[in-house]
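Peer 1: Take this structure, written in structure tokens, and hold onto it; I'll ask about it next.
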Amino acid sequence: MSRRKQIYEGKAKVLFEGSEPGTIIQYFKDDATAFNNQKKGVITGKGVLNNRISEYLMTKLNDMGISTHFIKRLNMREQLVRKVEIIPLEVVVRNTVAGSLAERLGLKEGYNLPRSIIEFFYKSDELNDPLVTEEHITAFDWASAQEMDELVSMTLRINDFLSGLFFGVGIKLIDFKLEYGRVFVDDQFKVILADEISPDSCRLWDLNTNEKLDKDRFRRDLGSAEEAYQEVARRLGVLPENTNN
Ligand code: UDP
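Numbering (our numbering), first residue to last: 249 to 493.
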């Protein structure tokens with residue numbers, strides 16, 4: 249691991265140069281952070297589980313024709329992905345009220361929204377990822393109007409697909425965050441899904457008990473975070489035998 253060129257170290261992942269041009273390696277750490285880095289900890293085995301869960305979900309999305317950066321899983325903690333120019337947005341989809349939406353608008357967590365809501369946050373640690381609108385996004389050239397159209401229609405498809413997939417394993421998809429990037433193909437830029445989809449970036453509640461099976465267990469000190477991530481992997485059928493490698 250150490251001999252490869254490190255490109256970037258984030259809160260939950262490290263990026264290394266891939267062996268082929270145009271590829272990078274995502275290494276999934278066990279580190280967990282919340283509240284813009286104010287709370288830090290470790291969820292043992294999380295990196296291994298997120299690597300598997302994200303592999304599983306991105307592969308399904310690729311299979312149904314949604315372009316993602318995922319190429320292949322390399323080992324327990326690493327996957328090979330396409331290098332993209334990241335669009336500096338966190339695209340959040342909400343099916344049920346929770347988290348910052350509940351706080352911002354004084355709503356009770358758990359209210360099922362009459363229609364899914366997409367929110368955009370500008371990725372900036374210094375500014376604490378502020379909520380922005382499409383007007384800001386296009387005015388400041390973070391993404392073009394055409395890219396936003398592509399990204400929104402992909403996001404809605406992904407939401408429908410993931411909601412159904414999780415429902416099938418007894419999990420309610422409350423909300424989640426996606427990140428997109430652009431790649432240059434056939435003389436033009438194309439938007440593809442990047443980053444990861446995992447219990448770090450989704451709120452997942454057990455369908456029958458509403459038990460939280462995601463990073464809120466860490467954020468809110470609910471305990472058993474590791475077991476919750478394992479439960480999600482187990483239900484998706486991707487629980488590895490040993491999560492400590
Ligand atoms: N989320 C994320 N990274 C972030 C902020 C949010 O993955 O930096 C995810 C979060 O896990 C949840 C959804 O996006 O599934 C909505 O998060 P929210 O805006 O409610 O913020 P939070 O409560 O996480 O601060």
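C-beta: ideal position from N, C-alpha, C; glycine also.
Can you tell me whether E478 is helix, strand or coil according to DSSP?
Peer 2: Reading the sequence shown from its first residue, position 230 is the one you call residue 478. Here residue 478 turns out to be Gln, not Glu, going by the sequence shown. DSSP places Q478 in helix when its eight states are reduced to three.
Peer 1: In angstroms, rounded to a whole number, what distance separates the CA positions of E357 and G270?
Peer 2: Working through the sequence shown from its first residue, we reach residue 357 at position 109. Working through the sequence shown from its first residue, we reach residue 270 at position 22. Near 42 Å, if we compare the C-alpha coordinates of G270 and E357.
Peer 1: Please list, in chain order, all residues of the same chain as L455 whose beta carbon is under 8 Å from its beta carbon, the five residues on each side excluded.
Peer 2: Position 207 of the sequence shown, counted from the first residue, corresponds to residue 455. Around L455: F415, G418, I419 and K420.
Peer 1: What do you get for L375, buried or exposed, if any count of 16 or more other CB atoms within 10 angstroms of its CB means buried?
Peer 2: Locating residue 375 in the sequence shown gives position 127, where the first residue counts as 1. Classification of L375: exposed, given that the 10 Å Cβ count is below 16.
Peer 1: What do you reckon, are the CB atoms on E367 and V340 nearer than 8 Å?
Peer 2: Translated into the one-based positions of the sequence shown, residue 367 becomes position 119. Translated into the one-based positions of the sequence shown, residue 340 becomes position 92. For E367 and V340, yes; Cβs fall inside 8 Å.
Peer 1: Cβ of S348 versus every heavy atom of ligand 1: is any distance shorter than 7 Å?
Peer 2: For the purposes of this step, residue 348 is identified with residue 100 of the sequence shown, where counting begins at 1. Checking the Cβ of S348 against ligand 1 gives yes.
Peer 1: Would you mind working out which of G289, N285 and N310 sits nearest D377, comparing C-alpha positions?
Peer 2: Position 129 of the sequence shown, counting from 1, holds the residue named residue 377. Comparing Cα-Cα distances from D377 to each of G289, N285 and N310, the minimum goes to N285.
Peer 1: For N299 and F276, which I take to be in contact (beta-carbon distance under 8 Å), what is that distance rounded to the nearest angstrom?
Peer 2: One-based indexing of the sequence shown puts residue 299 at position 51. One-based indexing of the sequence shown puts residue 276 at position 28. With a Cβ gap of about 4 Å, N299 and F276 count as contacting.
Peer 1: Would the C-beta of S372 count as close to ligand 1, meaning under 7 Å from any of its heavy atoms?
Peer 2: Position 124 of the sequence shown, counting from 1, holds the residue named residue 372. For ligand 1, not one heavy atom lies less than 7 Å from the Cβ of S372.
Peer 1: Closest by CA to D373, which one among K331, L337, A476 and S411?
Peer 2: Translated into the one-based positions of the sequence shown, residue 373 becomes position 125. Closest in alpha carbon position to D373, among K331, L337, A476 and S411, is L337.
Peer 1: Can we count F261 as close to ligand 1, meaning its CB is less than 7 Å from some heavy atom?
Peer 2: In the sequence shown, the residue the question calls residue 261 occupies position 13. Sequence inspection shows Lys at residue 261; the Phe mentioned does not correspond to that position. K261 Cβ: outside cutoff for every heavy atom of ligand 1.
Peer 1: Between the beta-carbon of D448 and the beta-carbon of K463, is there less than 8 Å?
Peer 2: On the sequence shown, residue 448 is found 200 positions in, with the first residue counted as 1. On the sequence shown, residue 463 is found 215 positions in, with the first residue counted as 1. Against a cut-off of 8 Å, the Cβ pair of K463 and D448 comes out as a contact.
Peer 1: Going by beta-carbon coordinates alone, are A350 and R451 separated by less than 8 Å?
Peer 2: Numbered from its first residue, the sequence shown carries residue 350 at position 102. Numbered from its first residue, the sequence shown carries residue 451 at position 203. Pairing A350 with R451 gives a Cβ-Cβ distance that is not under 8 Å.
Peer 1: What are the partner residues of D279, as DSSP defines its beta bridges?
Peer 2: Counting from 1 along the sequence shown, the entry for residue 279 is found at position 31. In DSSP, D279 forms a bridge with V290.
Peer 1: Relative to the alpha-carbon of A260, which residue among I334, I445, S364 and V433 has its alpha-carbon at the smallest distance?
Peer 2: Residue 260 sits at position 12 when you count from the first residue of the sequence shown. Ranking the options by Cα distance to A260, first place goes to I445.
Peer 1: Out of F409, Y428 and Q436, which one is the CA nearest neighbour of D311?
Peer 2: Numbered from 1 along the sequence shown, position 63 holds the residue referred to as residue 311. Its Cα nearest to that of D311, the residue F409 stands out among F409, Y428 and Q436.
Peer 1: How long is the line joining the alpha carbons of L361 and I385, rounded to whole angstroms?
Peer 2: As a first step, residue 361 must be located in the sequence shown, where it is residue number 113. As a first step, residue 385 must be located in the sequence shown, where it is residue number 137. Approximately 25 Å between the Cα atoms of the pair.
Peer 1: How many whole angstroms separate the CB atoms of I406 and N343, which I take to be in contact at a CB cut-off of 8 Å?
Peer 2: Locating residue 406 in the sequence shown gives position 158, where the first residue counts as 1. Locating residue 343 in the sequence shown gives position 95, where the first residue counts as 1. In fact, because the Cβ distance is near 12 Å, the residues do not count as touching under 8 Å.
Peer 1: Threshold first: 4 residues or longer. Then list the alpha helix (DSSP H) segments lying entirely within the region 304-386, N to C.
Peer 2: 347-353
Peer 1: Is Q208 buried or exposed, if buried means 16 or more other CB atoms sit within 10 Å of its CB?
Peer 2: Past the boundaries of the shown model lies residue 208; the chain is included only from 249 to 493, so the question cannot be answered.
Peer 1: Could you check if A473 is buried or exposed, using at least 16 other CB atoms within 10 Å of its CB as the buried criterion?
Peer 2: On the sequence shown, residue 473 is found 225 positions in, with the first residue counted as 1. Buried: at least 16 other Cβ atoms inside 10 Å.
Peer 1: Indicate the three-state DSSP secondary structure (helix, strand or coil) for R483 in the structure shown.
Peer 2: The residue labelled residue 483 in the question sits at position 235 within the sequence shown. Helix at R483.
Peer 1: Quick check for students: name the residue ranges of the beta strand (DSSP E) that lie wholly in the region 448-476, counting only runs of 3 or more.
Peer 2: 450-454
Peer 1: Would the beta-carbon of D278 fall within 8 Å of that of K294?
Peer 2: Here residue 278 refers to the residue found at position 30 when the sequence shown is read from its first residue. Here residue 294 refers to the residue found at position 46 when the sequence shown is read from its first residue. Contact annotation: D278 and K294 have beta-carbon atoms nearer than 8 Å.
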